[in-house]
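Note sheet for the following structure.
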Amino acid sequence: MAKNPDGSSNISEKFQNRIKQIIDDQDFDKKDFPKFVEVSSTVIIRATKYGIIPSLKTLIKIADKINVSLPYLLGETNNTEFYLSENPTTFHVRLEQLANERGEKFSKIANHMPFAYNSIYEWMRTKGLPSLEHIKPLADYFEVSIDYLLGRTDDRTI
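Heads up: the sequence shown begins at 139 in the numbering used here, then just goes up one per residue.
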């Protein structure tokens, strides 16, 4: 990945193109779109100019406002079908549910992940969200979509 002006490397040309496409398709200008999705204009400017992917929390906020899946928002799929859960839940509830379905402890799951062993426990304790780079391997491990793991949809398919 290329570096962006602030030195981070969370850049995606696919995301940059998709966010521009969404703004164009919805007939927003770059001033109105941030207000509509309730994020700072800086986030949208950085996304459209450099392809900088914001935090997972911000991505969820944008995706919820425009009713799309995270993979669609990130430009990883062209599938526009997305169904928000009628009973949304949290990442923490969904992660615990998936672990229980497999009869696995977080320690076993963590052994298969590319992040620190105690990260899952920290997210559960603080009710924090992992980064996008960490949510993807978890979703892959459970063979569910990241939107399902985050509790945004009841559709498990990837």
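All C-beta atoms in this analysis are idealised placements derived from N, C-alpha and C, irrespective of residue type, glycine included. Since we're looking at a predicted model, the values are computed, not measured.
> How far does the alpha helix (DSSP H) with Lys-243 in it reach, from first residue to last?
Replying inline: Taking the first residue of the sequence shown as position 1, residue 243 is located at position 105. Run containing Lys-243: none; DSSP gives neither H nor E here.
> Going by beta carbon distance, what residues of the same chain come within less than 8 Å of Ser-223, once the five residues before and after it are set aside?
Replying inline: To locate residue 223, count along the sequence shown from 1; it is residue 85. Result list for Ser-223: Gly-289, Arg-290, Thr-291 and Asp-292, in chain order.
> From what residue to what residue does the alpha helix (DSSP H) around Val-175 run?
Replying inline: Reading the sequence shown from its first residue, position 37 is the one you call residue 175. 170 to 175 is the span of the alpha helix (DSSP H), which, as asked, contains Val-175.
> What does DSSP give as the partner residues of Ile-149 in its beta bridges?
Replying inline: Position 11 of the sequence shown, counting from 1, holds the residue named residue 149. Partner(s): Ile-190.
> What's the gap between the Cα of Ile-258 and the Cα of Ala-248?
Replying inline: Here the question's residue 258 lines up with position 120 in the sequence shown. Here the question's residue 248 lines up with position 110 in the sequence shown. Answer to the nearest angstrom: the Cα atoms are 7 Å apart.
> If we count the other Cβ atoms within 10 Å of its Cβ and call it buried at 16 or more, is Gln-154 buried or exposed?
Replying inline: Here the question's residue 154 lines up with position 16 in the sequence shown. Gln-154 is buried by the Cβ-count criterion.
> If you drop the 5 nearest sequence neighbours on each side, which residues of the same chain put their C-beta closer than 7 Å to that of Ser-269?
Replying inline: As a working note, residue 269 is residue 131 in the sequence shown. These residues qualify, in order along the chain: Leu-194.
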